[in-house]
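Student: Going letter by letter, the sequence shown gives residues 2 to 392 in my numbering. One structure, pasted below without further comment.
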Amino acid sequence: MTFSFLASRTWLLPVVTFYLNIHPVIAQTQFRTRPDLVPAPWNVTFTNTSAGSLSDSSFIFMAPRVQSPTGLMILDNNGQLVWLNNDSSVQGAFDFRPQNWKGQTYLTYWSGTASTAGFGKGFVYMLDSTYQITHNFTATNMSDFHEFHINADGTAVTSVYSLLTTVDTTGKNFGQANSFVWDGCLQELNIDTGEPASFDFCSLEKGISLFDSFTDPNAPPVDENSGWDYVHVNSAEKDATGNYLMSARHTHTVYYIDGSTGEILWRLGGMNSNFTGDGNEFGWQHDARWIGEKSMSSDDLQSANSGGKRRLTIYDNASSGFDNTGTESRGILVELDFSAMSATIITTYHSPGGETTLLSASQGNVQWFADHSELNSDNVLMSYGSVPVFA
C-alpha cells in the first residue's frame, strides 16, 4: 500500500507494501463517538497483495504535520485511526514511536519549540500501557526533536543543538573570525533519574571540521537566528559494544563513535570516508540504523569490527531542497566489510508502484522489519518525511 501525509518519521509495531498519500480534501468518514474529529484523508495509490499481509496486532505510529487532525496518532494495518491524542500540549510533536524499556513497551515522543532552521528545543515524554505520562525530561541544553533512542542497556540518547558564539568560519561563505555556529551534539541520559549519564559528544569539539560541511552560512552568522548549522545531527544509537552510530545530514556522513572517549572511529560517506565502494553514495540522509544485531553480544560485534562485516540501513534523502545528490529519495541497506574497508549497497528500496519522482528535502526514515520477530518479514517501512507519503 502507499499512503500520503507529512510526518518526520513513521514506525510500525509488531509485508504488505503499501503506499499512502494524504490529499488536501475533506474526508467523508466520521466517528460516531467523536464527530468533531476529522480523520486524515488517506489516499491508497498502490497495493501489492503478493508481498504478504500485516497481522491484526500491527499498528502504525505517527505525528503527522497536517491541518487536521494533529497530534499523536496510531493507525491499524488498514490505515484506520484507532487512537489519537490531539491535546494542545502535543501539537507539533515529533518522533512518536514504541520503544522497549525494562521489558515494557512505552510510547515516546518529543514536544517543544521547533525552529525554522530545522531543529528544536524541548522535552521527551514516555507513556505507559495506559497512555499515562510516566517520564518527561530533557538534555542539559534541551533535547532536539530528531532523536530520542532508548538503548539496549536501558539508557537513552538524545540529539542536542548547542550554540557556539566565537567560532572562526573564515574561508566559508559569509565567514568571519567570530561566528555563531550551531554544534550538533549527543547526550546520554539516565531514564530513571532524567539526568545526564556518562556520554556527551559535540561534533566540533571532537574533530568534525567546518570544512566537511556541504552547506555554507546563508548570511553572516552574527547571532542565534543566523547561526550556521554546519553538521545537523539527526540520528544516533548505541550498540552492544557501547559505541554510537550517528548520522549527520550536512556532512553526508555516518560516524561510528567510541562510547567512552568520544573518538570518531570511522566515517562512512561525505568528504573523508574510511570506506571504498557505492555504500558511500548517499546525501542529505536521515536515520542510520544497525540491522540484524538484536541477538549479538559485545564480543560478537567486537569481532565484526575487527575484520568482519556489519549491515545498516540509511534513508537517503538525496535532496536538501537547494541541492540534489540523486533523482529520488530511497532506502539503502549497506554492508560494511572491515577487512577490505569497503561499503556495498546490498539492497535499494525504491518507491513501489513505479513511482520515481519522490524526492524529500527533509525528514524521513526506514524501518527494517526483520529486526521485529512478530512481523516475520524482510520488508521495510519508509516514511518520505517532507513528502506526504509512506510505503
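The beta-carbon is built from N, C-alpha and C at its ideal position, and this holds for glycine as well. Since the model is a prediction, treat every value here as computed from it, not as a measurement.
Rounding to the nearest angstrom, what Cα-Cα distance links Glu356 and Pro389 in this structure?
Tutor: By one-based count along the sequence shown, residue 356 stands at place 355. By one-based count along the sequence shown, residue 389 stands at place 388. If I take the Cα positions, the gap works out to 14 Å.
Student: If you reduce the DSSP assignment to three classes, tell me which class Thr252 lands in.
Tutor: For the purposes of this step, residue 252 is taken as residue 251 along the sequence shown, with counting starting at 1. Three-state result, Thr252: helix.
Student: Could you check where the alpha helix (DSSP H) with Leu334 kicks off and where it finishes?
Tutor: Position 333 of the sequence shown, counted from the start, is the residue given in the question as residue 334. Counted as a single uninterrupted DSSP element, the stretch harbouring Leu334 is not any alpha helix (DSSP H) but the beta strand (DSSP E) occupying residues 331–338.
Student: Report the three-state DSSP secondary structure of Phe120 (helix, strand or coil).
Tutor: As a working mapping, residue 120 is identified with position 119 in the sequence shown. Look at Phe120 here: in three-state DSSP terms it is coil, with no helix or strand label.
Student: Rounded to the nearest angstrom, what separates His147 and Arg33 at their Cα positions?
Tutor: Start at 1 with the first residue of the sequence shown, and residue 147 comes out as number 146. Start at 1 with the first residue of the sequence shown, and residue 33 comes out as number 32. The C-alpha of Arg33 is placed about 36 Å away from the C-alpha of His147.
Student: Whole angstroms is fine: what's the gap from Gly93's alpha carbon to Ser304's?
Tutor: In the sequence shown, the residue the question calls residue 93 occupies position 92. In the sequence shown, the residue the question calls residue 304 occupies position 303. Each residue's Cα considered, the two are about 43 Å apart.
Student: If you measure between the beta carbons of Val158 and Ala237, is that distance less than 8 Å?
Tutor: In the sequence shown, counting from the first residue as 1, residue 158 sits at position 157. In the sequence shown, counting from the first residue as 1, residue 237 sits at position 236. For the pair Val158 and Ala237, the CB atoms are nearer than the 8 Å cut-off.
Student: According to DSSP, Trp84 sits in a beta bridge with which residue or residues?
Tutor: Translated into the one-based positions of the sequence shown, residue 84 becomes position 83. DSSP, once it has assigned bridges, lists Ile75 as partnering Trp84.
Student: Distance, Cα to Cα, Tyr107 vs Ile134?
Tutor: Here the question's residue 107 lines up with position 106 in the sequence shown. Here the question's residue 134 lines up with position 133 in the sequence shown. The straight-line gap from Cα to Cα measures roughly 10 Å.
Student: Use the C-beta contact count for Glu329: other C-beta atoms within 10 angstroms, 16 or more gives buried, fewer gives exposed.
Tutor: Position 328 of the sequence shown, counted from the start, is the residue given in the question as residue 329. Burial call: buried.
Student: Secondary structure at Gly113, three-state DSSP: helix, strand or coil?
Tutor: The residue labelled residue 113 in the question sits at position 112 within the sequence shown. Residue state, collapsed to three classes: strand.
Student: To the nearest angstrom, report how far apart Asp213 and Met272 are at their CA atoms.
Tutor: Counting from 1 along the sequence shown, the entry for residue 213 is found at position 212. Counting from 1 along the sequence shown, the entry for residue 272 is found at position 271. If you draw a straight line from the Cα of Asp213 to the Cα of Met272, it is about 6 Å long.
Student: Roughly how many angstroms lie between the CA atoms of Asn306 and Leu266, to the nearest whole one?
Tutor: On the sequence shown, residue 306 is found 305 positions in, with the first residue counted as 1. On the sequence shown, residue 266 is found 265 positions in, with the first residue counted as 1. Computed Cα separation, rounded: 10 Å.
Student: Is any heavy atom in the ligand MG found nearer than 7 Å to the beta carbon of Gly355?
Tutor: Ligands are entirely absent from the displayed structure, and the ligand MG is therefore not among its contents.
Student: What separation, rounded to the nearest whole angstrom, lies between the Cα atoms of Asn79 and Arg290?
Tutor: Residue mapping note: residue 79 aligns to position 78 of the sequence shown, counting from 1. Residue mapping note: residue 290 aligns to position 289 of the sequence shown, counting from 1. Their backbone Cα atoms lie some 27 Å apart in a straight line.
Student: With distances taken Cα to Cα, identify the nearest neighbour of Gly293 among Thr314, Phe276, Thr277.
Tutor: For this step, residue 293 is matched to residue 292 along the sequence shown. That would be Thr314, whose Cα lies nearest to the Cα of Gly293.
Student: Under 8 Å by Cβ, that's how I've got Ser89 and Gly123 pegged, so tell me the actual separation to the nearest angstrom.
Tutor: Here the question's residue 89 lines up with position 88 in the sequence shown. Here the question's residue 123 lines up with position 122 in the sequence shown. That belief does not hold up - the Cβ atoms of Ser89 and Gly123 are roughly 14 Å apart, past 8 Å.
Student: Look at the Cβ atom of Gly386, then the Cβ atom of Gln364, and state whether they are nearer than 8 Å.
Tutor: The sequence position of residue 386 within the sequence shown is 385, counting from 1. The sequence position of residue 364 within the sequence shown is 363, counting from 1. Yes, these two residues count as a Cβ contact at 8 Å.
Student: Around the Cβ of Pro36, are there at least 16 other Cβ atoms within 10 angstroms (buried) or fewer (exposed)?
Tutor: If you number the sequence shown from 1, residue 36 lands on position 35. Burial call: exposed.
Student: Runs of 3 residues minimum, wholly inside the segment 187–229: which ones carry the beta strand (DSSP E) assignment?
Tutor: 197–203
Student: Considering only residues of the segment 118–171, which uninterrupted alpha helix (DSSP H) runs meet the minimum length of 4 residues and lie entirely inside it, listed in chain order?
Tutor: none
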